[in-house]
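As numbered in the numbering used here, residues 44 to 305 make up the sequence shown, in order. Notes follow the structure.
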Amino acid sequence: MATGRTHRPATRSRGIPEATVARLPLYLRALTALSERSVPTVSSEELAAAAGVNSAKLRKDFSYLGSYGTRGVGYDVEYLVYQISRELGLTQDWPVVIVGIGNLGAALAGYGGFASRGFRVAALIDADPAMTGRPVAGIPVQHSDDLERIVEDDGVSIGVIATPAGVAQQVCDRLVAAGVTSILNFAPTVLSVPDGVDVRKVDLSIELQILAFHEQRKAGEDAGADDGAEHTPAAVPPAPRGATGTDSRKGPDGDVPAVMPA
């Protein structure tokens with residue numbers, strides 16, 4: 044089986060837009076569920092609904108793959124699973140290294156969906172000597188001093204960073220220098236990488252803040268829609284003693300901004 048170091052997905056060379064690439068995993072997830080139920084074909088409308096997109100966008104996305112379906116029949120589920128998997132590079136083996144084996148790193152190591160989607164957790168790395176040799180999800184943790192050797196020996200091209208923010212850039216630099224060209228970053232910080240290195244950032248706090256924004260708006264709309272409700276300005280909490288017109292609340296890092304940074 045080919046490894047991630049020697050083979051790259053063909054999507055960029057084929058000119059598939061990044062927005063389409065971002066939706067391919069959604070289609071694949073929906074198609075895999077249909078395949079597991081032994082559904083042979085699916086219409087664009089049904090698949091679009093399952094993936095959470097509109098059918099016109101789905102048909103446009105599939106046109107980049109050269110797949111147009113059959114009028115009155117729809118799309119062949121198994122063929123689409125293979126076709127999208129091939130475009131995403133999931134028909135080959137992608138060794139992955141996870142750096143930072145705290146609660147999040149350990150949870151990622153135990154995630155069963157990696158293997159079924161073409162990813163193999165090749166190594167777990169942590170800077171804590173007490174973690175060295177300890178099995179997590181059946182894989183012994185290795186010390187960060189050996190990061191470069193591990194990347195080289197296992198042909199790793201995808202790294203997952205689950206470290207504290209303060210060391211994430213240093214870890215990123217070492218991964219890139221060792222030959223890693225794609226990084227999934229769970230650390231709450233923005234990483235700087237050279238051209239040719241792809242970074243995907245996953246920040247749960249940002250996602251929760253976005254949801255909180257929408258919840259606040261919905262609450263405001265519900266309050267405004269109440270018949271007979273008095274529309275008075277929201278109460279303003281009293282300023283702390285000694286305040287001079289600015290928010291004087293303090294946190295461990297000084298002033299607490301109105302919107303917490305990512």
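We treat Cβ as the ideally placed atom computed from N, Cα and C, and that holds for glycine.
Terminal residues of the beta strand (DSSP E) in which residue i lies
{"i": "residue 142", "result": "137-142"}
{"i": "residue 166", "result": "162-169"}
{"i": "residue 243", "result": "241-244"}
{"i": "residue 148", "result": "Looking at the DSSP string, residue 148 is not in any beta strand (DSSP E); the run it does join, the alpha helix (DSSP H), is 146-152."}
Proximity winner among the options, relative to residue i (alpha-carbon distances)
{"i": "residue 63", "options": "93, 87, 86, 100", "result": "100"}
{"i": "residue 72", "options": "90, 266, 188, 230", "result": "90"}
{"i": "residue 196", "options": "219, 205, 165, 186", "result": "165"}
{"i": "residue 161", "options": "149, 127, 186, 87", "result": "127"}
{"i": "residue 151", "options": "203, 106, 194", "result": "203"}
{"i": "residue 246", "options": "187, 208, 175", "result": "208"}
{"i": "residue 243", "options": "104, 217, 201", "result": "201"}
{"i": "residue 130", "options": "108, 103, 119, 117", "result": "108"}
{"i": "residue 149", "options": "220, 156, 205", "result": "205"}
{"i": "residue 169", "options": "154, 163, 220, 189", "result": "189"}
Boundaries of the alpha helix (DSSP H) in which residue i is found, first to last residue
{"i": "residue 227", "result": "That residue, residue 227, is in no alpha helix (DSSP H); its beta strand (DSSP E) goes 225-228."}
{"i": "residue 203", "result": "Not the alpha helix (DSSP H): residue 203 falls in the beta strand (DSSP E), residues 201-204."}
{"i": "residue 222", "result": "No alpha helix (DSSP H) holds residue 222; DSSP gives it neither H nor E."}
{"i": "residue 101", "result": "98-107"}
Distance, residue j Cα to residue i Cα
{"i": "residue 83", "j": "residue 95", "result": "20 Å"}
{"i": "residue 225", "j": "residue 268", "result": "48 Å"}
{"i": "residue 60", "j": "residue 67", "result": "11 Å"}
{"i": "residue 307", "j": "residue 229", "result": "In the structure as shown, the chain starts at 44 and stops at 305, and residue 307 therefore has no counterpart that could be examined."}
{"i": "residue 216", "j": "residue 236", "result": "8 Å"}
{"i": "residue 133", "j": "residue 211", "result": "27 Å"}
{"i": "residue 159", "j": "residue 75", "result": "11 Å"}
{"i": "residue 252", "j": "residue 260", "result": "12 Å"}
{"i": "residue 173", "j": "residue 218", "result": "22 Å"}
{"i": "residue 167", "j": "residue 262", "result": "44 Å"}
{"i": "residue 363", "j": "residue 234", "result": "Residue 363 lies beyond the range of the chain shown here (44 to 305); nothing can be said about it."}
{"i": "residue 104", "j": "residue 223", "result": "29 Å"}
{"i": "residue 187", "j": "residue 257", "result": "41 Å"}
Residues that residue i bridges to, as DSSP identifies them
{"i": "residue 249", "result": "In the DSSP output, where bridge partners are listed per residue, residue 249 has none listed."}
{"i": "residue 179", "result": "182"}
{"i": "residue 3", "result": "Given that the chain is displayed from residue 44 to residue 305, the structure contains no residue 3 and the question cannot be resolved."}
Cβ of residue i within 8 Å of any chain B Cβ
{"i": "residue 215", "result": "Here chain B cannot be found, since the structure has a single protein chain."}
Residue i Cβ short of 7 Å to the ligand MG heavy atom set
{"i": "residue 249", "result": "Summarising the ligand content, the structure contains no ligands, and the ligand MG is consequently not present."}
- Task: Decide if the region 166-185 is in contact with the region 121-132; the criterion is three or more beta carbon pairs, one per stretch, under 8 Å apart.
- Result: No, they do not touch.
- Message: Below 8 Å, how does it come out for the region 104-120 and the region 139-155: are there three or more Cβ pairs, yes or no?
- Response: The way I'd put it, the region 104-120 doesn't touch the region 139-155; fewer than three beta-carbon pairs between them come closer than 8 Å.
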